[in-house]
Amino acid sequence: MEIVVSPAELPTAEVRDLPKDGLVLLDVREDDEWAAGHAPGAVHIPMGELPARVGELADLPDDQPIHVICRSGGRSARAAAWLNQSGWDAVNVAGGMGAWQREGRPMVGEHPGIEPEVI
Numbered sequence: 001m002e003i004v005v006s007p008a009e010l011p012t013a014e015v016r017d018l019p020k021d022g023l024v025l026l027d028v029r030e031d032d033e034w035a036a037g038h039a040p041g042a043v044h045i046p047m048g049e050l051p052a053r054v055g056e057l058a059d060l061p062d063d064q065p066i067h068v069i070c071r072s073g074g075r076s077a078r079a080a081a082w083l084n085q086s087g088w089d090a091v092n093v094a095g096g097m098g099a100w101q102r103e104g105r106p107m108v109g110e111h112p113g114i115e116p117e118v119i
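Quick note on numbering: the sequence shown equals residues 1 to 119 in UniProt numbering.
As structure tokens, this is what we get:
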């Protein structure tokens, strides 16, 4: 997935501006990053698998954009640009899960007894 897009052309949202409820969030980080800590209710499709699994997004609500998140915003920017060029309404989440955690947004992990973290 080679997409080059000017940052000015890519819809972007700050974590602090995202709604607390009803957010459609796509996490494009790798499996180990997801397992360490992610937003509750997020959909997980690693960026490298997105072209093959994009059909899974059809089950998401279509009355609002898909907010795309990664660790810091780089991968999600490329994924959001690709989604937009493929006909989806996608927005990059600036600062990624690092910003999500700094804003005090809830996180869950896949390892019982271990506090969720962003890796």
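C-beta: ideal position from N, C-alpha, C; glycine also.
Beta-bridge pairing of residue i - partner residues as DSSP gives them
i          : result
residue 25 : 67
Beta-carbon contacts of residue i that lie in its chain and below 6 Å, excluding the five residues immediately before and after
i          : result
residue 26 : 43, 66 and 68
residue 92 : 10, 12, 68, 76, 77 and 80
residue 52 : none
Whole-Å CB distance - residue i paired with residue j, under 8 Å assumed
i           : j          : result
residue 79  : residue 28 : 5 Å
residue 114 : residue 33 : Not really, about 14 Å apart at Cβ, beyond 8 Å.
residue 73  : residue 94 : 5 Å
8 Å Cβ cutoff met for residue i and residue j
i           : j           : result
residue 64  : residue 24  : yes
residue 109 : residue 37  : yes
residue 57  : residue 88  : yes
residue 35  : residue 105 : no
residue 31  : residue 46  : yes
Same chain, Cβ closer than 7 Å to residue i, five either side skipped, listed in chain order
i           : result
residue 3   : Any reading at residue 3 must be qualified, since the residue scores a pLDDT of 49, below 50, and its modelled position is unreliable; no value is offered.
residue 111 : 35
N-terminal and C-terminal residue of the beta strand (DSSP E) that residue i is part of
i          : result
residue 13 : 12-14
residue 90 : 90-94
Unbroken alpha helix (DSSP H) run spanning residue i, endpoints
i           : result
residue 32  : 31-36
residue 105 : Unbroken run through residue 105: none, as it is neither H nor E.
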